[in-house]
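A short worksheet on the structure shown next.
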Amino acid sequence: MRKYVRILSLTIGLVVETYLLIELSVDIYQTYFPLLWIVSLVCIGYFFWKKREKKASNFLLIEYFFVSCVTALFLFINLRDLTHWYFSVINDEYAFFFLAKSIASGATVNIFSQEGVYGIIPVLSSYYQGMGMKIFGISNFGWKSSIILFVVSSFIPFYLLVRSFLGSFYASTSLIILSFSHYLWAYLRTGYSNIESVAISIWAMYFFSHGIPKKKSPQSDYRDLFYDQWILFLSGVAAGFGFYTFFSARSTIAIMVIFILCTSYRRQFRRIWIPMLVGFFATISPIVAVSKQQLVLRMIERSSSHPVGTNLTGLRLIVNNIYHSIQAFFVTSNFGPYASGPHVYGSLVDLVTAIFFGIGFICSLQKVNRPWYLLLFIWFWVALLVAGGFSQYAWTNVSRLYYLLPVVAIYASLGVQSVYEFMLPKVKKIHIVQKISNTPYWILHYWTLVMFGLAIGSINVYRFYKVTPFHKPMSSQALTVMELTVGRCSTYPLSQVTVVGTDALVSTAKFAIESYNKQFPPYFTAENIDLLKKDIDTYFCIVFIDPKNFNANLLRQYNILLDEFHMYEDYDPAKINHIEVLERK
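Read in order, the letters of the sequence shown are residues 1 to 585 in the numbering used here.
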């Protein structure tokens, strides 16, 4: 009986999916289509599902506590100052905010379209942000916190992924390194939905690694066979979701396919290929039906096949990018005019993590013939090529390389273990260590992890909050947000404050202020600067957002006396960018 139920479920799923694709392919979209899509995936997935007897969990209570503590600390670090004016503006992020805001406000959008932010970020990526804003508020906090929670959702599968193959110590150190990455913190504060690619890749790799048999032998219990197929179906679905966010995540399916082709698993067509690919194609079919060839052409247009700002082409550009991408994790990411990303300075990981990463990568090469180490190796190189090597720019692609953070964290944990195994025989000879060795193993284990976490966390906190602000210039728009929210001008009524500058800079600062649900004061640009003389007596605080083009000397050109004002210059901590402020005496 169950066999016929599964076949019926598959039939229903395929019929619903077919109807959906026919409608989408002729540019018809209804608000209930996402529900039909979910129904089709559930029905198709049910065909591969088989109940499996529960096995006793070997997951210790202290592991739950440890993962919860790391997650809570991560949330505390990233939520406490999420809306601080320092992180208010980079330059181009508010396109993400306004699309998500329109979705949260009830606008109807085709979630299967790739024509989202800037025409390259799929709409579903912003749809999630919009749903987050519905819950946490249509504001700067609701917008950015939704991305943080999306990334946090991958912490448990990331821990379980590493634990299932290497053990709890590796899983714990990997989670510490990933969650305490200053590079990850930086991009979570931007509001870019691109960072979703990290979480989607982790989920897909988690399902994939748990779906493939742990032994090469195809013989398996009947229940295990269907259990593996169900998990592999989910891995295909997760990899398919990579096509609904930034381009980097689309490489996830390539990692999985290359791994299968390089192992004996490639012969297990029914057991591995079918469930994984069915889940994958069932997931990506709607966006293919809507975007058609643009799904591929947009990726190619932003790859090394269309170089920008460089004479390097083809293989030379790819090799150049790979070299500087690897260097960015060890030495510095500041190679090229636009290399250093927002709130990021120096190497993309701290020095300690970089050293352990190098050691772990080298030590793992001798084990690359084992399935797990081979998967890691393929994951690293495919991610490096996609996020760095295939970039159309000749400078370090900091705004993409965060895609490598999970695999870098795993390699670093291998390095930690290698150093530990090398040092252990020598350390045991020390008298005090001989006494400590009588302590229960689990206490030493977690005491070591706590000390390691404190060290890595302290280094990254220092880098993020103390080093980066004094080397990485802020935008003048962020300085304007500071002036209008907590600076001198914040003490005056809105009608007595004005902002003067170029239209592009003033507009971005206006977007930022509005994201805090505050009003932006009257402003003047090149188009209406003549009106400033007429209204000058009404303003007690004037902010010049672009002193290079519009500054206090401009008022002299209109015979406006500056004797009535105090002039101040507000610099960013790096003393690179600044704004001018006139306050009436």
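Glycine residues also receive a C-beta, built at the ideal position from the N, C-alpha and C atoms.
Return the bridge partner residues of Arg584 from the DSSP annotation. As a position in the sequence shown, residue 584 is number 584, starting the count at 1. Phe565.
Going by other Cβ atoms of all chains shown within 10 Å of its Cβ, with 16 needed for buried, is Lys250 buried or exposed? On the sequence shown, position 250 is the one that residue 250 refers to. For the sequence presented, residue 250 should be read as Arg rather than Lys. By the neighbour-count rule (16 or more Cβ atoms within 10 Å), Arg250 is buried.
Keeping to the same chain, check which residues put their C-beta closer than 6 Å to that of Asp535; ignore five residues upstream and five downstream. By 1-based counting over the sequence shown, the position of residue 535 is 535. Counting only Cβ-Cβ distances below 6 Å, and skipping sequence neighbours, we find nothing.
Pick out the complete alpha helix (DSSP H) segments inside the region 253 to 316, 4 residues or longer, and give them in chain order. Qualifying alpha helix (DSSP H) stretches, in chain order: 274 to 291 and 294 to 301.
Under 7 Å between C-beta atoms of Asp350 and Pro473: Here residue 350 corresponds to residue number 350 of the sequence shown, with the count starting at 1. Here residue 473 corresponds to residue number 473 of the sequence shown, with the count starting at 1. Asp350 is not a Cβ neighbour of Pro473, given a cutoff of 7 Å.
Identify every run of the beta strand (DSSP E) within the region 468 to 540, keeping only runs that are complete inside it and at least 3 residues long; order them along the chain. Those beta strand (DSSP E) runs which fall completely within the region 468 to 540 and span 3+ residues are 497 to 500.
Buried or exposed by the 16-neighbour rule on C-beta atoms within 10 Å, applied to Val26: For this step, residue 26 is matched to residue 26 along the sequence shown. It is exposed - the Cβ of Val26 has fewer than 16 other Cβ atoms within 10 Å.
Nearest residue (CA-CA) to Leu160, options Thr173, Arg80, Phe452 and Val543: Locating residue 160 in the sequence shown gives position 160, counting from the first residue. Its Cα nearest to that of Leu160, the residue Thr173 stands out among Thr173, Arg80, Phe452 and Val543.
Kindly indicate which three-state DSSP category Tyr345 falls into: helix, strand or coil? Numbered from 1 along the sequence shown, position 345 holds the residue referred to as residue 345. Coil at Tyr345, not helix or strand.
From Glu580, Ala383, Ser126 and Ile362, pick the residue whose C-alpha is nearest to that of Thr252; which is it? Within the sequence shown, the letter at position 252 stands for residue 252. In terms of CA proximity to Thr252, Ala383 leads the group Glu580, Ala383, Ser126 and Ile362.
Is Asp570 helix, strand or coil when you go by DSSP? Reading the sequence shown from its first residue, position 570 is the one you call residue 570. When secondary structure is reduced to three states using DSSP, Asp570 falls in the strand class.
Where the alpha helix (DSSP H) through Asn78 begins and ends: Within the sequence shown, numbered from 1, the residue matching residue 78 stands at position 78. Leu61 to Leu79 is the span of the alpha helix (DSSP H), which, as asked, contains Asn78.
Can you tell which of Phe241, Glu301, Thr71 and Asn78 has the C-alpha that lies nearest to the C-alpha of Ser113? Counted from its first residue, the sequence shown places residue 113 at position 113. Closest by alpha carbon: Phe241.
Would the beta-carbon of Lys533 be found less than 6 Å away from any heavy atom of the ligand GTP? This structure lacks the ligand GTP, and indeed carries no ligand of any kind.
Proximity winner among Lys510, Phe520, Asn577 and Pro522, relative to Tyr94 (alpha-carbon distances): Your numbering for residue 94 matches position 94 in the sequence shown. Of Lys510, Phe520, Asn577 and Pro522, the residue nearest in Cα terms is Lys510.
Along the chain, which unbroken stretches of the alpha helix (DSSP H) at least 4 residues long are found entirely within the region 13 to 52? Within the region 13 to 52, the complete alpha helix (DSSP H) runs of at least 4 residues are 33 to 48.
Is there contact between the region 486 to 502 and the region 194 to 208, where contact requires at least three CB pairs shorter than 8 Å? Judged by Cβ distances under 8 Å, the region 486 to 502 makes no contact with the region 194 to 208, as fewer than three pairs qualify.
Taking the alpha carbon of Leu405 as the reference point, which residue from Ser181, Phe544 and Asn553 has its own alpha carbon closest? The count along the sequence shown starts at 1 and reaches residue 405 at position 405. For the residues Ser181, Phe544 and Asn553, the minimum Cα distance to Leu405 belongs to Ser181.
What is the DSSP secondary structure of Val109, counted as helix, strand or coil? Walking along the sequence shown from the start, residue 109 turns up at place 109. Here DSSP, grouped into helix, strand and coil, assigns Val109 to coil.
With Gly629 and Phe356 assumed to form a contact (beta carbons below 8 Å), what rounded beta-carbon distance in angstroms separates them? Nothing about residue 629 can be read from this structure; the chain reaches only from 1 to 585.
Within 7 Å, strictly: CB atoms of Thr83 and Phe141: By one-based count along the sequence shown, residue 83 stands at place 83. By one-based count along the sequence shown, residue 141 stands at place 141. Yes, Cβ-Cβ distance for Thr83 and Phe141 is below 7 Å.
Under a three-way DSSP split, which group does Arg223 fall into? What you label residue 223 is simply residue 223 of the sequence shown in a count that begins at 1. Note that Arg223 scores 42 on pLDDT, short of 50, meaning its location in the model is unreliable; the coordinates nonetheless yield the value given after this. The answer is helix: DSSP assigns Arg223 an H, G or I state.
Where do the ends of the alpha helix (DSSP H) carrying Asn140 lie? Locating residue 140 in the sequence shown gives position 140, where the first residue counts as 1. Taken as a continuous stretch (DSSP letters only), the alpha helix (DSSP H) holding Asn140 covers Asn140 to Val152.
Taking the Cβ atom as the reference point for each residue, do Thr480 and Val581 lie within a distance shorter than 7 Å? Locating residue 480 in the sequence shown gives position 480, counting from the first residue. Locating residue 581 in the sequence shown gives position 581, counting from the first residue. No, Cβ-Cβ distance for Thr480 and Val581 is not below 7 Å.
Kindly indicate which residue of Leu36, Tyr402, Val42 and Ile260 has the alpha-carbon position closest to the one of Tyr187. For the purposes of this step, residue 187 is taken as the residue at position 187 of the sequence shown. Ranked by how close their Cα comes to the Cα of Tyr187, the residues Leu36, Tyr402, Val42 and Ile260 have Tyr402 in first place.
When burial is assigned at 16 or more other CB atoms within 10 Å of the CB, is Thr491 buried or exposed? The residue labelled residue 491 in the question sits at position 491 within the sequence shown. So Thr491 counts as exposed.
Top-ranked residue by Cα proximity to Ser139, from Ala104, Ile120, Ser154 and Tyr128: Walking along the sequence shown from the start, residue 139 turns up at place 139. Nearest option by C-alpha distance: Ala104.
Who are Phe544's beta bridge partners in DSSP? The residue you call residue 544 lines up with position 544 of the sequence shown. According to DSSP, residue pairing for Phe544 in a beta bridge involves Val500 and Glu580.
To the nearest angstrom, how far is it from the Cα of Leu36 to the Cα of Trp49? To locate residue 36, count along the sequence shown from 1; it is residue 36. To locate residue 49, count along the sequence shown from 1; it is residue 49. Counting only the Cα atoms, Trp49 lies some 20 Å from Leu36.
Helix, strand or coil for Val117 per DSSP? To locate residue 117, count along the sequence shown from 1; it is residue 117. Secondary structure of Val117 (DSSP, three-state): strand.
Evaluate Tyr192 with the Cβ neighbour count: other Cβ atoms within 10 Å of its Cβ, from every protein chain shown; 16 or more gives buried, anything less gives exposed. Residue 192 sits at position 192 when you count from the first residue of the sequence shown. When all chains shown are included, Tyr192 counts as buried.
Tell me whether Glu421 is buried or exposed, calling it buried when 16 or more other Cβ atoms sit within 10 Å of its Cβ. Working through the sequence shown from its first residue, we reach residue 421 at position 421. Its Cβ having fewer than 16 others within 10 Å, Glu421 is exposed.
Check for me: the alpha helix (DSSP H) holding Tyr244 runs from which residue to which? On the sequence shown, residue 244 is found 244 positions in, with the first residue counted as 1. Segment: none, Tyr244 is in no alpha helix (DSSP H) and carries neither H nor E.
Suppose you measure from the CA of Phe377 to the CA of Ala238; what does that come to, to the nearest Å? By one-based count along the sequence shown, residue 377 stands at place 377. By one-based count along the sequence shown, residue 238 stands at place 238. Their backbone Cα atoms lie some 20 Å apart in a straight line.
Please report the distance separating the alpha-carbon of Ile284 from that of Phe269. As a first step, residue 284 is located in the sequence shown; it is residue number 284 there, counting from the start. As a first step, residue 269 is located in the sequence shown; it is residue number 269 there, counting from the start. Straight-line Cα distance between these residues: approximately 21 Å.
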